[in-house]
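Chemist: Quick one: the structure is below, and I'll ask about it shortly.
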DNA sequence: CAGAACTACCTGTACGATACAGCTATCTGT
DNA sequence: ACAGATAGCTGTATCGTACAGGTAGTTCTG
């Protein structure tokens with residue numbers, strides 16, 4: 003912004019970030035698809051994210067979940083139905099609103115979530131085995147800030 | 003590994019990384035889905051990735067693309083067919099192998115790819131407007147290293 | 001307080017991206 | 001020259017998602 007070198011450097015960094023995020027996304031998807039192996043036999047990803055959210059902020063109704071996850075309500079309805087069938091969450095009528103249904107994680111659901119989380123953490127430990135603690139911290143911190151930046155800018159258009 | 007404090011700190015960082023990557027993935031998908039708005043009207047994501055790869059390493063056959071993108075050959079076949087229909091790539095018989103088909107980007111394809119790339123880079127510039135150049139560089143670098151680490155460990159199991 | 005407008009959820013349906021299985025044409029090694 | 005491998009295509013199935021429409025319950029308004 004102040005001089006041309008800085009502008010160039012920024013351009014470059016942004017391009018690299020764009021590239022790397024795209025690449026990471028590819029990896030994530032490939033992993034998700036390809037890994038029927040472990041976790042995803044236990045818990046498909048949507049269920050994992052829903053459980054994490056329920057665990058962190060407490061029981062929620064379908065609409066709140068949908069809003070948080072950026073998904074259509076109907077999608078969440080179905081995912082929640084599947085999770086109920088699998089005993090991962092429980093539906094109870096919302097006492098304060100006859101239309102609503104409150105979704106709560108079951109102990110089994112929380113336990114499965116924790117197991118998947120642990121497996122993933124282990125996986126990262128494996129992948130980042132050669133990294134210094136400082137680098138790990140930095141990555142965690144920068145990703146956190148990136149997500150914050152993304153969150154505060156939900157409508158890119 | 004050497005002392006308990008380090009181990010704890012690592013655990014923590016790994017957990018955070020796991021969380022943030024999952025979150026980033028969610029964002030990416032939500033953006034992809036929700037954004038019929040701009041880029042994705044122009045170029046769906048698979049096409050973008052394919053074009054990027056073709057642009058960076060030159061014309062490829064379907065199998066090579068599939069391997070690189072971690073996708074089934076049939077998937078790539080269909081994507082490539084759609085891209086051919088849209089004039090983004092051209093198929094030519096492989097002169098050195100009668101079975102093969104070489105996929106090359108067309109000028110139109112490269113141009114669309116560049117436009118999407120520019121749009122994305124601009125978007126990141128927007129999102130990271132408040133970041134210092136140093137932080138941007140760090141993020142780019144760490145993401146790059148993360149992807150490298152992921153790549154050298156393609157089969158987590 | 002009655003009807004209108006809204007909201008929460010569910011169900012039907014459609015679509016896109018993907019995988020797997022099976023096919024044909026071609027190539028390669030013995 | 002034949003057997004087996006490989007490249008690509010097509011058929012079919014699945015999964016996650018969205019959108020449209022329906023029903024029941026809630027809130028607002030005159």
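Residue numbers (this note's numbering), protein chains in the order written: chain A, 3 to 159; chain B, 3 to 159.
Just so you know, even glycine gets a beta-carbon here, dropped at the ideal spot from N, CA and C.
Every value quoted in this text rests on a predicted model; they were computed, and no experiment measured them.
I want to verify the contact list: residues of chain B whose CB lies under 8 Å from the CB of residue 119(A), in sequence order.
Modeler: What residue 119(A) touches in chain B: 17 and 20.
Chemist: Whole angstroms are fine: how far does the CA of residue 125(B) sit from the CA of residue 158(A)?
Modeler: Any reading at residue 158(A) is ruled out, since the residue's pLDDT is 41, under 50, leaving its predicted position unreliable.
Chemist: For a quick check, are the C-beta atoms of residue 91(B) and residue 111(B) less than 8 Å apart?
Modeler: Yes; because the gap between Cβ atoms is below 8 Å, this pair is in contact.
Chemist: Measure how close the beta-carbons of residue 25(A) and residue 72(B) come, nearest whole angstrom, since I'm counting them as under 8 Å.
Modeler: Not confirmed; about 11 Å, so no contact.
Chemist: Along chain B, which residues have their Cβ under 9 Å away from the Cβ of residue 52(A)?
Modeler: Correct list: empty, because the minimum Cβ distance to chain B is about 11 Å.
Chemist: Rounded C-beta distance between residue 56(A) and residue 105(A)? I'm assuming under 8 Å.
Modeler: Confirmed, Cβ separation roughly 7 Å.
Chemist: With 16 as the cutoff for other CB atoms within 10 Å, does residue 18(A) come out buried or exposed?
Modeler: Classification for residue 18(A): buried.
Chemist: Taking residue 93(A) and residue 103(A) to be in contact with their CB atoms under 8 Å, please state how far apart those CB atoms are, rounded to whole angstroms.
Modeler: Residue 93(A) to residue 103(A), Cβ: 5 Å. Contact.
Chemist: Got a sec, what are the start and stop residues for the alpha helix (DSSP H) residue 109(A) sits in?
Modeler: First-last of the alpha helix (DSSP H) with residue 109(A): 109-129.
Chemist: Can you grab the Cα-Cα spacing for the pair residue 117(B) / residue 34(B), in whole Å?
Modeler: Whole-angstrom Cα-Cα distance: 16 Å.
Chemist: So what does DSSP say about residue 97(B), is it helix, strand or coil?
Modeler: Residue 97(B) falls in the coil class under three-state DSSP.
Chemist: Verify the CB distance criterion: does residue 108(B) have a CB-CB separation below 8 Å to chain A?
Modeler: Taking Cβ atoms only, chain A never reaches closer than 8 Å to residue 108(B), which makes this a no.
Chemist: Hey, how far is the Cα of residue 100(A) from the Cα of residue 132(B)?
Modeler: So the alpha carbons of these two residues sit roughly 45 Å apart.
Chemist: Determine the burial state of residue 13(B): buried for a count of at least 16 other Cβ atoms within 10 Å of its Cβ, exposed for fewer.
Modeler: Exposed, by the Cβ-count rule.
Chemist: Please confirm if residue 46(B) has its CB atom under 8 Å from at least one CB of chain A.
Modeler: Output row for residue 46(B): interface = no.
Chemist: Using a Cβ-Cβ distance cut-off of 8 Å, determine whether residue 127(B) contacts chain A.
Modeler: Closer than 8 Å: yes.
Chemist: In this structure, how does DSSP classify residue 92(A) when only helix, strand and coil are distinguished?
Modeler: Three-state DSSP puts residue 92(A) in a strand.
Chemist: In the DSSP assignment, what residue or residues form a beta bridge with residue 103(B)?
Modeler: Looking at the DSSP assignment, residue 103(B) forms a beta bridge with 95(B).
Chemist: Determine the direct distance from the alpha carbon of residue 115(B) to that of residue 50(B), and round the result to whole angstroms.
Modeler: Whole-angstrom Cα-Cα distance: 6 Å.
Chemist: What is the residue span of the alpha helix (DSSP H) that residue 155(A) lies within?
Modeler: Unbroken run through residue 155(A): none, as it is neither H nor E.
Chemist: List the residues of chain B whose Cβ lies closer than 8 Å to the Cβ of residue 140(A), in chain order.
Modeler: Correct list: 140 and 144.
Chemist: Just to make sure I have the definition right: I need the residues of chain A whose C-beta is within less than 9 Å of the C-beta of residue 66(B). Which are they?
Modeler: Chain A residues near residue 66(B): none, gap ~16 Å exceeds 9 Å.
Chemist: Compare the C-alpha of residue 61(A) against each of 107(A), 20(A), 143(A) and 128(A) and name the closest.
Modeler: Considering only alpha carbons, the answer is 107(A).
Chemist: With respect to the alpha helix (DSSP H) encompassing residue 83(A), which residues constitute its N-terminal and C-terminal limits?
Modeler: It spans 75-87 - the alpha helix (DSSP H) in which residue 83(A) sits, taken as one unbroken run.
Chemist: Would you please verify whether the beta carbon of residue 114(A) is less than 8 Å from any beta carbon of chain B?
Modeler: Chain B, which has no Cβ nearer than 8 Å to the Cβ of residue 114(A), makes this no.
Chemist: Do you know how far the Cα of residue 22(A) is from the Cα of residue 140(B)?
Modeler: Those two C-alpha atoms are separated by around 12 Å.
Chemist: Identify the contact partners of residue 56(B) in chain A, using a Cβ-Cβ distance below 8 Å as the criterion.
Modeler: By Cβ distance, chain A contributes nothing, its closest Cβ being about 15 Å from residue 56(B), past 8 Å.
Chemist: Does the separation of the CB atoms of residue 138(B) and residue 16(A) fall below 8 Å?
Modeler: Yes, the pair counts as a contact, with Cβ atoms nearer than the cut-off.
Chemist: Using the C-alpha atoms, what's the distance from residue 68(A) back to residue 59(A)?
Modeler: Answer to the nearest angstrom: the Cα atoms are 14 Å apart.
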